[in-house]
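Participant:
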Amino acid sequence: MPELPEVETVRRGLEALVLGAVIRRIALHRADLRRPMPLDLESRIVDQPITALRRRAKYLLLDTPAGTILSHLGMTGTWRVAEAERSHDHATLHLADGRRLVYRDPRRFGILDFVAPGAVSPDLADLGPEPLGNDFTPEHLRQVLAARRQAIKAVLLDQTVVSGVGNIYAQEACFRAGIRPQRPANRLRPAERERLVTEVRAVLAEAITAGGSTISDFRQAGGDAGYFQHTFTVYDRAGQSCRTCGGELKGATIAGRSTVWCPTCQR
DNA sequence: CTCCTATCCTGCGAGC
DNA sequence: TGCTCGCAGGATAGGA
Numbered sequence: 002m003p004e005l006p007e008v009e010t011v012r013r014g015l016e017a018l019v020l021g022a023v024i025r026r027i028a029l030h031r032a033d034l035r036r037p038m039p040l041d042l043e044s045r046i047v048d049q050p051i052t053a054l055r056r057r058a059k060y061l062l063l064d065t066p067a068g069t070i071l072s073h074l075g076m077t078g079t080w081r082v083a084e085a086e087r088s089h090d091h092a093t094l095h096l097a098d099g100r101r102l103v104y105r106d107p108r109r110f111g112i113l114d115f116v117a118p119g120a121v122s123p124d125l126a127d128l129g130p131e132p133l134g135n136d137f138t139p140e141h142l143r144q145v146l147a148a149r150r151q152a153i154k155a156v157l158l159d160q161t162v163v164s165g166v167g168n169i170y171a172q173e174a175c176f177r178a179g180i181r182p183q184r185p186a187n188r189l190r191p192a193e194r195e196r197l198v199t200e201v202r203a204v205l206a207e208a209i210t211a212g213g214s215t216i217s218d219f220r221q222a223g224g225d226a227g228y229f230q231h232t233f234t235v236y237d238r239a240g241q242s243c244r245t246c247g248g249e250l251k252g253a254t255i256a257g258r259s260t261v262w263c264p265t266c267q268r
């Protein structure tokens, strides 16, 4: 679930809660996530203040003077300032003020890693432009889509094309842009590329304003649910009626992921 | 290169 | 109530 808006929501929540807090020590409970956590993370970050909370694509970065903790939430990852311990808590950051900042990920598709000061993480090296930044433009799409015959929705999921879009927002953006998700990416007309850029940005921005989307277990860092899921137009609505034209929404698998669209509103 | 499939893992809802 | 089955937000390796 955690796509860009959810990660940004968590970032903002953590910023309000723990910016400036001192990490007294880190305890790793289980290191075998999508790839093994570095076991020396515990020794690298000791008595370090959290100087910034950053996001790049779907990655959340906790900066300290001794280095950066890089995290990816995968499908089910969460950061929370913990009340009680829960199953699947994989790492606990014990803060000097007595609070505990916990990384939890039941499905273990996430990542927790250490990045030395000044180093560039390989995880971030090949990411495409931030969709809400200045580099995500119709011209960028034109260049990058030219050689791609794949379905446009599949291409939007490619993090080297544009970073941070996942299965939910790719579908929502296609609907808003009036483009069928299975259209070959290199066949979009200029006006459609322009519209797609506009709508990717808009849907992500609106979702951030709504505190992200809460599906199953996503929570903001303070424990609140997001509420953008109430405004989904197509995601998980196959067989239901289109909110725009009233017609029946269709569903199919594209790029191995479930996909819903409106045959009338999307061409 | 591009593109497709299988895979990692746990939890949950649907259906029986 | 309890079981099995299929599917889920992501990303990558391997092969065609």
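According to my numbering, the first sequence is numbered sequentially starting from 2. C-beta atoms are modelled at their ideal positions from N, C-alpha and C, and glycine is treated no differently.
Which whole-angstrom value is the C-beta distance of R181 and R244, which I expect to be below 8 Å?
Facilitator: Not a contact, Cβ separation roughly 17 Å.
Participant: Run through DSSP, which three-state label would D124 get?
Facilitator: helix
Participant: What residues are listed by DSSP as bridge partners for A53?
Facilitator: D64
Participant: Which of the three DSSP states is assigned to A92 in this structure?
Facilitator: strand
Participant: May I ask you to list the residues that DSSP assigns as paired with T260?
Facilitator: A253
Participant: Using a Cβ-Cβ cut-off of 7 Å (strictly less than) and excluding sequence neighbours within five positions of R36, which residues of its own chain qualify?
Facilitator: I112
Participant: Tell me, please, whether the region 125 to 136 touches the region 150 to 170 by the rule of three or more beta-carbon pairs shorter than 8 Å.
Facilitator: yes
Participant: Taking the alpha-carbon positions, what's the L146 to R25 distance?
Facilitator: 47 Å
Participant: How big is the Cα-Cα spacing for A253 and H30?
Facilitator: 40 Å
Participant: Would you call the CB atoms of R238 and A186 closer than 8 Å?
Facilitator: Not closer than 8 Å, so no.
Participant: Check the DSSP bridge columns for D114 and list the partner residues they point to.
Facilitator: Under DSSP, D114 shares a beta bridge with L71.
Participant: Am I right that H89 and P107 are in contact with their C-beta atoms under 8 Å? What's the rounded C-beta distance?
Facilitator: 4 Å
Participant: I need the boundaries of the alpha helix (DSSP H) containing V103, first residue and last residue.
Facilitator: Segment 101 to 105 is the beta strand (DSSP E) holding V103; no alpha helix (DSSP H) there.
Participant: Do V23 and Q49 have their C-beta atoms closer together than 8 Å?
Facilitator: Yes, they are a contact pair.
Participant: Let me know the secondary structure DSSP gives A28 once reduced to three states.
Facilitator: strand
Participant: Just checking my contact of F115 with L42 at CB under 8 Å: how many whole Å lie between their CB atoms?
Facilitator: 5 Å
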